[in-house]
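My numbering applies: residue 406 is where the sequence shown begins, and numbers increase by one. Just so you know, even glycine gets a beta-carbon here, dropped at the ideal spot from N, CA and C. A short worksheet on the structure shown next.
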Amino acid sequence: MRQLFLLLAAAAVIFHSGCTDNTDELGPITNIGRENGWVISSASTTLETVADGRIANLTDQEISDAGETRENLQQTYAARAAAQAGVDDCDRDDVLFFLENGAMRIIQGDMQCPEPGDPTVLSPFNDNFYVTDLDGTFMVVRNEEGTLIDEYTIVSISGTQFVVTATRELRLDNLVGAFNYTTTYEMIPN
(Lines of atoms letter the chains of each structure in order from A; the text may use other names.)
(Lines give C-alpha, C1' and ligand atoms only; values in the text may rest on other atoms or scores of the structure.)
Protein backbone atom coordinates (compact mmCIF):
# COMPACT_ATOMS: atom_id res chain seq x y z
CA MET A 406 0.00 0.00 0.00
CA ARG A 407 2.82 2.38 0.87
CA GLN A 408 4.45 1.69 -2.54
CA LEU A 409 1.16 2.48 -4.32
CA PHE A 410 0.88 5.76 -2.42
CA LEU A 411 4.47 6.74 -3.34
CA LEU A 412 3.85 5.82 -6.97
CA LEU A 413 0.68 7.96 -7.10
CA ALA A 414 2.45 10.86 -5.38
CA ALA A 415 5.33 10.68 -7.88
CA ALA A 416 2.89 10.60 -10.80
CA ALA A 417 1.08 13.67 -9.44
CA VAL A 418 4.36 15.60 -9.14
CA ILE A 419 5.38 14.65 -12.69
CA PHE A 420 1.94 15.55 -14.07
CA HIS A 421 1.87 18.87 -12.22
CA SER A 422 5.38 19.88 -13.30
CA GLY A 423 4.48 19.10 -16.91
CA CYS A 424 1.53 21.51 -16.75
CA THR A 425 3.36 24.67 -15.68
CA ASP A 426 2.90 27.82 -17.68
CA ASN A 427 6.54 28.59 -18.38
CA THR A 428 6.71 30.17 -21.83
CA ASP A 429 10.52 30.30 -21.65
CA GLU A 430 10.48 26.54 -22.22
CA LEU A 431 8.48 26.95 -25.43
CA GLY A 432 10.19 27.29 -28.80
CA PRO A 433 11.03 30.72 -30.19
CA ILE A 434 8.35 30.51 -32.87
CA THR A 435 5.68 29.97 -30.21
CA ASN A 436 6.99 33.00 -28.31
CA ILE A 437 6.92 35.23 -31.40
CA GLY A 438 3.27 34.43 -32.03
CA ARG A 439 2.18 34.87 -28.41
CA GLU A 440 -1.57 35.16 -28.07
CA ASN A 441 -1.59 38.54 -26.30
CA GLY A 442 1.01 40.13 -28.58
CA TRP A 443 3.95 42.40 -27.81
CA VAL A 444 4.31 46.03 -26.75
CA ILE A 445 7.35 48.20 -27.31
CA SER A 446 9.44 48.91 -24.22
CA SER A 447 12.32 50.74 -25.91
CA ALA A 448 13.97 51.45 -29.23
CA SER A 449 17.49 52.66 -29.91
CA THR A 450 19.58 53.56 -32.92
CA THR A 451 23.18 54.39 -33.72
CA LEU A 452 22.07 56.72 -36.53
CA GLU A 453 22.84 59.99 -34.73
CA THR A 454 26.19 58.79 -33.38
CA VAL A 455 27.37 57.58 -36.79
CA ALA A 456 26.11 60.76 -38.51
CA ASP A 457 27.80 62.99 -35.90
CA GLY A 458 31.10 61.20 -36.54
CA ARG A 459 30.79 61.72 -40.28
CA ILE A 460 29.80 65.38 -39.82
CA ALA A 461 32.78 65.93 -37.51
CA ASN A 462 35.10 64.66 -40.27
CA LEU A 463 33.82 67.28 -42.73
CA THR A 464 35.85 70.44 -43.12
CA ASP A 465 34.27 73.84 -42.58
CA GLN A 466 34.95 74.57 -46.25
CA GLU A 467 33.07 71.43 -47.42
CA ILE A 468 30.08 72.37 -45.30
CA SER A 469 30.14 76.00 -46.48
CA ASP A 470 30.46 74.98 -50.14
CA ALA A 471 27.33 72.84 -49.74
CA GLY A 472 25.40 75.81 -48.33
CA GLU A 473 24.97 74.07 -44.97
CA THR A 474 25.94 74.58 -41.38
CA ARG A 475 27.32 71.93 -39.06
CA GLU A 476 24.47 72.58 -36.61
CA ASN A 477 21.78 72.19 -39.29
CA LEU A 478 23.26 68.88 -40.42
CA GLN A 479 23.39 67.60 -36.84
CA GLN A 480 19.79 68.67 -36.22
CA THR A 481 18.59 66.93 -39.39
CA TYR A 482 20.15 63.61 -38.42
CA ALA A 483 19.10 63.97 -34.76
CA ALA A 484 15.48 64.43 -35.85
CA ARG A 485 15.68 61.34 -38.06
CA ALA A 486 17.14 59.31 -35.18
CA ALA A 487 14.44 60.54 -32.78
CA ALA A 488 11.72 59.48 -35.23
CA GLN A 489 13.15 55.95 -35.32
CA ALA A 490 13.92 55.51 -31.64
CA GLY A 491 11.55 57.79 -29.74
CA VAL A 492 9.14 55.71 -27.66
CA ASP A 493 6.30 57.65 -26.06
CA ASP A 494 3.41 56.52 -23.87
CA CYS A 495 1.21 56.59 -26.98
CA ASP A 496 3.50 53.93 -28.51
CA ARG A 497 3.48 51.76 -25.40
CA ASP A 498 -0.28 51.13 -25.56
CA ASP A 499 -0.12 49.74 -29.13
CA VAL A 500 0.02 45.94 -29.35
CA LEU A 501 1.92 44.13 -32.12
CA PHE A 502 0.69 40.68 -33.14
CA PHE A 503 2.62 38.14 -35.22
CA LEU A 504 -0.10 36.00 -36.80
CA GLU A 505 0.09 32.37 -37.94
CA ASN A 506 -0.21 33.35 -41.61
CA GLY A 507 2.93 35.49 -41.33
CA ALA A 508 1.06 38.79 -41.10
CA MET A 509 1.94 41.45 -38.54
CA ARG A 510 -0.81 43.69 -37.18
CA ILE A 511 -0.83 46.53 -34.71
CA ILE A 512 -3.88 47.17 -32.59
CA GLN A 513 -3.71 50.79 -31.52
CA GLY A 514 -4.34 51.70 -27.91
CA ASP A 515 -6.52 54.54 -26.71
CA MET A 516 -3.71 57.09 -26.57
CA GLN A 517 -3.02 58.61 -29.99
CA CYS A 518 0.44 59.90 -30.91
CA PRO A 519 0.75 63.39 -32.37
CA GLU A 520 1.55 63.81 -36.05
CA PRO A 521 2.66 62.06 -38.19
CA GLY A 522 0.23 59.64 -36.61
CA ASP A 523 -0.19 56.53 -34.53
CA PRO A 524 1.54 54.09 -34.46
CA THR A 525 4.98 55.60 -34.84
CA VAL A 526 7.87 53.41 -33.65
CA LEU A 527 6.30 50.06 -34.61
CA SER A 528 4.98 51.25 -37.98
CA PRO A 529 7.63 49.32 -40.02
CA PHE A 530 5.94 46.12 -38.83
CA ASN A 531 2.28 47.01 -39.34
CA ASP A 532 0.44 45.36 -42.24
CA ASN A 533 3.58 43.61 -43.43
CA PHE A 534 4.59 39.93 -43.42
CA TYR A 535 7.40 38.12 -41.64
CA VAL A 536 9.34 34.91 -42.12
CA THR A 537 11.73 33.47 -39.57
CA ASP A 538 13.83 30.35 -39.11
CA LEU A 539 12.83 27.60 -36.67
CA ASP A 540 15.60 28.57 -34.25
CA GLY A 541 14.34 32.15 -34.09
CA THR A 542 17.63 33.80 -35.08
CA PHE A 543 16.44 36.09 -37.87
CA MET A 544 13.27 37.65 -39.25
CA VAL A 545 12.68 38.96 -42.78
CA VAL A 546 9.90 41.53 -43.24
CA ARG A 547 8.22 42.05 -46.62
CA ASN A 548 5.22 44.04 -47.77
CA GLU A 549 2.11 42.51 -49.31
CA GLU A 550 3.70 42.52 -52.78
CA GLY A 551 6.76 40.66 -51.48
CA THR A 552 9.17 43.61 -51.56
CA LEU A 553 11.84 43.44 -48.85
CA ILE A 554 11.22 45.98 -46.07
CA ASP A 555 13.91 44.94 -43.59
CA GLU A 556 15.97 42.04 -42.27
CA TYR A 557 16.29 41.66 -38.51
CA THR A 558 18.56 39.64 -36.28
CA ILE A 559 16.61 38.24 -33.35
CA VAL A 560 18.83 39.07 -30.38
CA SER A 561 16.52 37.52 -27.79
CA ILE A 562 13.15 35.79 -27.81
CA SER A 563 11.53 34.33 -24.70
CA GLY A 564 8.31 34.54 -22.76
CA THR A 565 9.49 37.81 -21.21
CA GLN A 566 11.17 39.73 -24.04
CA PHE A 567 11.57 39.98 -27.79
CA VAL A 568 14.58 41.98 -29.05
CA VAL A 569 15.36 42.50 -32.73
CA THR A 570 18.04 44.58 -34.42
CA ALA A 571 18.54 45.65 -38.03
CA THR A 572 21.45 47.19 -39.90
CA ARG A 573 20.25 49.87 -42.29
CA GLU A 574 21.80 52.16 -44.85
CA LEU A 575 20.97 55.87 -45.02
CA ARG A 576 21.82 58.56 -47.51
CA LEU A 577 20.08 61.86 -46.86
CA ASP A 578 22.53 64.04 -48.77
CA ASN A 579 25.75 63.91 -50.78
CA LEU A 580 27.71 65.85 -48.18
CA VAL A 581 27.47 63.33 -45.33
CA GLY A 582 27.03 60.49 -47.82
CA ALA A 583 25.75 56.96 -47.30
CA PHE A 584 26.44 55.11 -44.05
CA ASN A 585 25.23 52.07 -42.13
CA TYR A 586 23.67 52.20 -38.67
CA THR A 587 21.69 49.84 -36.44
CA THR A 588 18.23 50.08 -34.91
CA THR A 589 17.10 47.88 -32.04
CA TYR A 590 13.53 47.27 -30.84
CA GLU A 591 12.91 45.79 -27.39
CA MET A 592 9.41 44.41 -26.78
CA ILE A 593 7.74 42.89 -23.75
CA PRO A 594 4.60 40.76 -23.47
CA ASN A 595 1.26 42.56 -23.51
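- Going by beta carbons, Leu452 and Ala490 fall inside the 9 Å limit.
- Classified as buried, Val581 has 16 or more neighbouring CB atoms from the shown chains inside 10 Å of its CB.
- For Asp470, the enclosing alpha helix (DSSP H) covers residues 465 to 470.
- Tyr482 is the residue among Gly442, Glu556, Tyr482, Ser446 whose C-alpha sits nearest the C-alpha of Arg459.
- Closest by C-alpha distance to Glu549, out of Ala583, Leu577, Phe530, is Phe530.
- Just so you know, the alpha carbons of Asp470 and Ala456 end up roughly 19 Å apart.
- Of the candidates Ile593, Asp494, Leu577, Asn595, the residue whose Cα lies closest to the Cα of Gln480 is Leu577.
- Collapsing the DSSP output to three states places Ala488 in a helix.
- Counting along the chain, Ala461 sits inside no beta strand (DSSP E); it lies in the alpha helix (DSSP H) bounded by residues 452 to 461.
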